[in-house]
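Take the sequence shown: its letter number 426 is residue 426 in the UniProt record's numbering, and every next letter is one higher.
The C-beta atom is built at its ideal place from N, Cα and C for all residues, glycine as well.
Below: the structure, in structure tokens.
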Amino acid sequence: MKPFADLTRFTNPRNVAVVGASAREASQGRRLYDNLVLHSAVPGEVFAVNPAYEEIGGRPCWPSISALPEADIDVALIMINASLVLDALKQCAARGIPFAVVMTSGFSEAGEEGQRLEREIAELCRATGLHVYGPNCPGFVNVRDRLGMTFSPAFKDDLNAGAIGLATQGGGLGRNLLQGLSHGQGVGLWFSAGNEVDLEIPDFIAHMANDPQIRVIALLMEGVKNGRRLTSALELARARNKPVVVLKIGHSEAGVRAAQSHTASVAGSAAVNSAVFRQFGAIEVDDLDQLLATARLLTRITPKSGNGLCIYTFSGGTAALAADIAGGAGLPMAAFAPATKAALRKLLPDFASIDNPVDTTADILRNQQASVECLRILCADPGVGTVLFPIPMDYGAITDGMAQAIATVAAETDTLIVPVWMSRRLGGGFQLLETEGLLPFLALSDAIAVLAKAVPWKTPAVQPAPSSPPAAAAASGGRMLSEAAAKSLLREAGLPVPQGVVVANAEEAAEQAARLGFPVVMKVVSAQIAHKTEAGGVRLNIASAGAAREAHAAILDSVARRCPEAKVDGILVERMLPPGGREVLVGVHRDAAFGLVLTFGLGGIFVETIRDVAHRMIPLSRDDARALVREIEYVEILEGVRGQAPADFDALEDLIVRVSDFAWQHREVLHEMELNPVWVGAAGQGAMPLDALIGYAG
1 MKPFADLTRF TNPRNVAVVG ASAREASQGR RLYDNLVLHS AVPGEVFAVN
51 PAYEEIGGRP CWPSISALPE ADIDVALIMI NASLVLDALK QCAARGIPFA
101 VVMTSGFSEA GEEGQRLERE IAELCRATGL HVYGPNCPGF VNVRDRLGMT
151 FSPAFKDDLN AGAIGLATQG GGLGRNLLQG LSHGQGVGLW FSAGNEVDLE
201 IPDFIAHMAN DPQIRVIALL MEGVKNGRRL TSALELARAR NKPVVVLKIG
251 HSEAGVRAAQ SHTASVAGSA AVNSAVFRQF GAIEVDDLDQ LLATARLLTR
301 ITPKSGNGLC IYTFSGGTAA LAADIAGGAG LPMAAFAPAT KAALRKLLPD
351 FASIDNPVDT TADILRNQQA SVECLRILCA DPGVGTVLFP IPMDYGAITD
401 GMAQAIATVA AETDTLIVPV WMSRRLGGGF QLLETEGLLP FLALSDAIAV
451 LAKAVPWKTP AVQPAPSSPP AAAAASGGRM LSEAAAKSLL REAGLPVPQG
501 VVVANAEEAA EQAARLGFPV VMKVVSAQIA HKTEAGGVRL NIASAGAARE
551 AHAAILDSVA RRCPEAKVDG ILVERMLPPG GREVLVGVHR DAAFGLVLTF
601 GLGGIFVETI RDVAHRMIPL SRDDARALVR EIEYVEILEG VRGQAPADFD
651 ALEDLIVRVS DFAWQHREVL HEMELNPVWV GAAGQGAMPL DALIGYAG
């Protein structure tokens, strides 16, 4: 895997060259140049490069990069026709400039010629060590150090610096997010990756993970160039305690097409993307508003925040509504200590509710100091990590006072206070909270959805994995193994498989069935028949030698009629496992973005009907397997219902890890793998695949 680039000189350059700087007002080349010369704090020189001019804005202009005077230029910004870019980059490499930003479009997103140009740029980077950012991007912004390597006319107006690091693939929505964080906690660095010919989103995540001034990393992704690099960067962020919140575009077919045409990246499976984000600790959100709100909230999260939720308001209906929504989201409600209730009772009237949710009643509207004291009491309770404070209406000076109470207590406590301004009249109280960096939510449902995602609750909110169909049963254009060959491979790898043998005729079937012990199952062996049941190639509960002979003949007759072109390699005779086991699916398929992905879910007849599955990127640890098994929606089937004993979770988790290890060892050639059904007995009885399918890449 390519190591992450050291971006120190890129994010804080000493000298910069602008290739394609222009004297024409309002042109992109002029806006880029002016952003650096007039609105940025570049410590050294900004060199203009354009053979059409001798000077721009009273400053000298050079005809080429090669003609520039001696100086340590860290970054060249390139805004010229796509056909001229490669030559400019070669001059950068020859000059020893370490970074180049190609803002020009017309590359992979535009067709074959653009794809060829990108391949040549990538080869130049590999050969020379030059790092290229883009192409097809709006540039880079270091807000906290006032550096605008961008042609955006809005740069000078979007300078609210903060601890949020932002990485996007597109520019328009990236600028939208930057402007959405124009109050309160803002953005420190904004990387907009474009087509990622060399520098990629993972490089930017890694840089921000190591940046002590960045506390939260927000990602807006349209596709994934390199799944392994992405997950390595997410691991680094997790190790540095930098939460990552991500909005991944491309859940619908139309969204996938738009994303691929925009950045020429691989959108990948939405279900797999989501599973990988969960696996590596990233918080996935559903829209831009959630991305902004979650990133902003994460900068205020403390170790105490997840202790429990307290709802505090002065409206009984609002309290009940908030409690309903929070309960539906699975958020853990805090239980107050006796001292907390006693202190609240002294402050509030007898008819106020001092349980959770707290309803102070409108009586508190007359006393701003009482609001401050109530909040302090609740925030001091060790069981309260987060206080949700919905304000259902704008009462002018009265609710202004409540907003001030929130700001006062929030500044002195490590308990997270989350205001919700439910009125569409955004008065002085709303503006005060916004100015104090406590931008209120406008809807209870939005606030609670973000709390469910962002806060590390000690009792986690229940978030079932999205379901999707398991991997297809036939590898496209690859080599499929028969069930017997697949099980032989698995047995050699240390996976448990049923006792069995392949027989060539009916008499041998009867002999081997008697040796294994009745009852047995008999199945056709053919690499061309993936769905043996549909072909009439399976017989169950065979209890005698005579029945084994009859089953052998019946299977061959049925397969000959239904699959006449299939090559039959024999009949597999296996000892049947005890009745009463659960049936699950364990599968592996190759995802376009993340490589080999393991799928787990209910198996047998449930596969196509319930479609209750979860995913993890391979390789899996034992902890990954444990979490995966419990992520499906109907896990209670495994836990035991109506007096049924729990399934053997230890054996199932061990099997999943062994499948992951097998797949990882064969990762260069394995296309897919499906064990369905896997029989899982009660605790202590084990877990074993009853059927196996393995496909290798052609």
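With distances taken between CB atoms, is the gap from residue i to residue j smaller than 8 Å?
| i | j | result |
| --- | --- | --- |
| Arg-616 | Asp-624 | yes |
| Arg-229 | Lys-2 | yes |
| Ala-293 | Val-450 | yes |
| Ile-406 | Ala-326 | no |
| Leu-655 | Ala-687 | yes |
| Phe-336 | Gly-383 | yes |
| Ala-88 | Ile-97 | no |
| Leu-181 | Asn-210 | no |
| Phe-151 | Gly-139 | yes |
| Gly-184 | Leu-388 | no |
| Ala-21 | Ala-41 | no |
| Thr-408 | Asp-359 | no |
| Ala-110 | Ala-76 | no |
| Ala-690 | Ser-660 | A small correction: the amino acid at residue 690 is Leu; Ala does not occupy that position in the sequence shown. No, the Cβ-Cβ distance between Leu-690 and Ser-660 is not below 8 Å. |
| Pro-419 | Pro-440 | yes |
Below 7 Å, is the gap between the Cβ of residue i and the nearest heavy atom of the ligand NAP?
| i | result |
| --- | --- |
| Gly-643 | In terms of ligand content, the structure shown is empty, and the ligand NAP therefore cannot be addressed. |
Can you tell me whether residue i is buried or exposed? The criterion is at least 16 other CB atoms within 10 Å of its CB, across all chains shown.
| i | result |
| --- | --- |
| Ala-472 | Any reading at Ala-472 needs caution, since the residue's pLDDT is 38, under 50, leaving its predicted position unreliable; the model's value is listed next. So Ala-472 ends up on the exposed side. |
| Ser-476 | Bear in mind that a pLDDT of 44 at Ser-476, under 50, signals an unreliable position, so the number given afterwards is only what the model happens to contain. Result: exposed. |
| Arg-31 | buried |
| Lys-458 | exposed |
| Glu-118 | buried |
| Arg-278 | buried |
| Glu-574 | buried |
| Ser-305 | buried |
| Ala-267 | With a pLDDT of 40 at Ala-267, under the threshold of 50, the modelled position of that residue is not reliable, and the figure given next carries that caveat. Its Cβ being crowded by 16 or more others within 10 Å, Ala-267 is buried. |
| His-531 | exposed |
| Thr-340 | buried |
| Thr-609 | exposed |
| Asp-286 | exposed |
| Leu-675 | buried |
| Gln-91 | buried |
| Gly-581 | buried |
| Ala-52 | exposed |
| Pro-349 | exposed |
| Leu-7 | buried |
| Lys-346 | exposed |
| Pro-220 | The displayed chain sequence assigns Leu, not Pro, to residue 220. So Leu-220 ends up on the buried side. |
| Arg-226 | Position check: residue 226 holds Asn in this sequence, whereas Arg was assumed. With 16 or more Cβ atoms within 10 Å of its Cβ, Asn-226 is classed as buried. |
| Thr-415 | buried |
| Thr-435 | exposed |
| Phe-351 | exposed |
According to DSSP, is residue i helix, strand or coil?
| i | result |
| --- | --- |
| Glu-550 | helix |
| Arg-240 | coil |
| Ile-694 | strand |
| Ala-614 | strand |
| Ile-632 | coil |
| Trp-664 | helix |
| Lys-487 | helix |
| Lys-523 | strand |
| Leu-540 | strand |
| His-39 | coil |
| His-531 | coil |
| Thr-415 | coil |
| Ala-510 | helix |
| Thr-104 | coil |
Assuming the contact rule is C-beta atoms closer than 8 Å, residue i and residue j should be a hit. Round their C-beta distance to whole Å, please.
| i | j | result |
| --- | --- | --- |
| Leu-288 | Asn-176 | 7 Å |
| Met-673 | Gly-601 | That belief does not hold up - the Cβ atoms of Met-673 and Gly-601 are roughly 15 Å apart, past 8 Å. |
| Leu-331 | Gly-148 | The pair is not a contact, with the Cβ atoms about 41 Å apart (cut-off 8 Å). |
| Ala-163 | Thr-318 | Going by Cβ atoms, the distance from Ala-163 to Thr-318 rounds to 32 Å, so no, they are not a contact pair. |
| Val-502 | Val-568 | The pair is not a contact, with the Cβ atoms about 11 Å apart (cut-off 8 Å). |
| Gly-129 | Val-197 | Between Val-197 and Gly-129 the Cβ distance is about 15 Å, and since that is not below 8 Å, they are no contact. |
| Leu-577 | Pro-498 | 7 Å |
| Glu-583 | Gly-603 | 4 Å |
| Ala-403 | Leu-432 | 5 Å |
| Ala-484 | Leu-572 | 5 Å |
How about residue i: is its C-beta nearer than 8 Å to some C-beta of chain C?
| i | result |
| --- | --- |
| Glu-483 | The structure shown contains no chain C, having only a single protein chain. |
| message | Report the start-end ranges of each alpha helix (DSSP H) in the region 265–310 that is 4 residues or longer and not cut off at the edges. | response | Uninterrupted alpha helix (DSSP H) stretches at least 4 residues long and entirely within the region 265–310 occur at 270–279, 288–298, given in chain order.
| task | Note down, one range per segment and in chain order, each beta strand (DSSP E) of at least 3 residues found wholly within the region 335–404. | result | Entirely contained in the region 335–404, the beta strand (DSSP E) runs reaching 3 residues are, in chain order, 386–391.
| query | Taking only runs of the beta strand (DSSP E) that begin and end inside the region 127–205, which ones reach a length of at least 3 residues, in chain order? | reply | List check, beta strand (DSSP E) in window: 131–133, 139–142, 147–150, 164–168, 187–192.
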